[in-house]
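Participant:
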Amino acid sequence: MRGHEGSILCLQYDDEILVTGSSDSTVIVWDLVGDPTAGRNKYEERMKLVGHGMGVLDLCFDDRYIVSCSKVRAEKFRAFPQRDRPNRVFCTQDTKTHVWDRSTGKLHRVLQGHRGPVNAVQIHGDRVLTASGDSLMKMWDLHTGQALRTFTGHSRGLA
Numbered sequence: 034m035r036g037h038e039g040s041i042l043c044l045q046y047d048d049e050i051l052v053t054g055s056s057d058s059t060v061i062v063w064d065l066v067g068d069p070t071a072g073r074n075k076y077e078e079r080m081k082l083v084g085h086g087m088g089v090l091d092l093c094f095d096d097r098y099i100v101s102c103s104k105v106r107a108e109k110f111r112a113f114p115q116r117d118r119p120n121r122v123f124c125t126q127d128t129k130t131h132v133w134d135r136s137t138g139k140l141h142r143v144l145q146g147h148r149g150p151v152n153a154v155q156i157h158g159d160r161v162l163t164a165s166g167d168s169l170m171k172m173w174d175l176h177t178g179q180a181l182r183t184f185t186g187h188s189r190g191l192a
């Protein structure tokens, strides 16, 4: 097993696959059944999904899609080249949710609209629900990629 180059941060499984998200910003789909006709053994890596900018915090899936989201990265940079200016810290946010085709691993859709990192996801039918550090939850249509509803009322970011 090749696996992740970072720590596993989340996982989900069913009778056929195990899906893991890692600090190396990848999602790996593991085969729990095996398919000798396709040349895959039981417990082998079926596919690696690459597209996030940071570690994958949460994921979920159904019989059609795998949905994943990732965290925020803090970086240091010199805002000004002068010696008397301190280093500044800023955050690079991955505010996107990735929807992958479960059978092929191809990116189906990117859901965009949060102002903070997306920390949690759930899928039900043709809808995805996301919770973000921007204190909002959004319900998305998988066919159009449009936010159907924004849920407000939290005073802090959602984890």
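Read left to right, the sequence shown gives residues 34 to 192 (our numbering).
For glycine and all other residues, C-beta sits at the position ideal for the given N, C-alpha and C.
Give the range of the beta strand (DSSP E) segment to which S165 is assigned.
Facilitator: Mapped onto the sequence shown, residue 165 falls at position 132. 160-165 is the span of the beta strand (DSSP E), which, as asked, contains S165.
Participant: According to the Cβ coordinates, are G36 and S58 closer than 8 Å?
Facilitator: Here residue 36 refers to the residue found at position 3 when the sequence shown is read from its first residue. Here residue 58 refers to the residue found at position 25 when the sequence shown is read from its first residue. In this structure, S58 does not lie closer than 8 Å to G36 by Cβ.
Participant: Under the assumption that D95 contacts I156 (Cβ atoms under 8 Å), give the Cβ distance between them as a whole number of angstroms.
Facilitator: The sequence position of residue 95 within the sequence shown is 62, counting from 1. The sequence position of residue 156 within the sequence shown is 123, counting from 1. That belief holds up - the Cβ atoms of D95 and I156 are roughly 5 Å apart, short of 8 Å.
Participant: What does the Cβ neighbour count give for D48, buried or exposed, with the cut at 16 atoms within 10 Å?
Facilitator: Mapped onto the sequence shown, residue 48 falls at position 15. Taking all protein chains in view, the Cβ of D48 is surrounded by fewer than 16 other Cβ atoms within 10 Å, so the residue is classified as exposed.
Participant: Should R148 go down as buried or exposed, given a rule of 16 or more other Cβ atoms within 10 Å for buried?
Facilitator: Numbered from 1 along the sequence shown, position 115 holds the residue referred to as residue 148. So R148 counts as exposed.
Participant: CA-CA distance, T183 and N74?
Facilitator: For this step, residue 183 is matched to residue 150 along the sequence shown. For this step, residue 74 is matched to residue 41 along the sequence shown. Each residue's alpha carbon lies about 43 Å from the other.
Participant: Specify the secondary structure class of R182 as computed by DSSP and reduced to three states.
Facilitator: If you number the sequence shown from 1, residue 182 lands on position 149. Note: R182 maps to strand in three-state DSSP.
Participant: Which residue comes first and which comes last in the beta strand (DSSP E) that contains M170?
Facilitator: In the sequence shown, residue 170 corresponds to position 137, counting from 1. Looking at the DSSP string, the run of the beta strand (DSSP E) that includes M170 is 170-174.
Participant: Comparing C-alpha positions only, which one of Q145, I61, G84 sits nearest to Y76?
Facilitator: One-based indexing of the sequence shown puts residue 76 at position 43. The shortest C-alpha separation from Y76 is found at I61.
Participant: In this structure, how does DSSP classify T130 when only helix, strand and coil are distinguished?
Facilitator: As a first step, residue 130 must be located in the sequence shown, where it is residue number 97. It is a strand residue.
Participant: Would you tell me roughly how many angstroms separate the C-alpha atoms of S165 and V66, rounded to the nearest one?
Facilitator: In the sequence shown, residue 165 corresponds to position 132, counting from 1. In the sequence shown, residue 66 corresponds to position 33, counting from 1. Spanning the two alpha carbons is a distance of roughly 34 Å.
Participant: With DSSP as the reference, label T53 as helix, strand or coil.
Facilitator: For the purposes of this step, residue 53 is taken as the residue at position 20 of the sequence shown. Strand, per DSSP.
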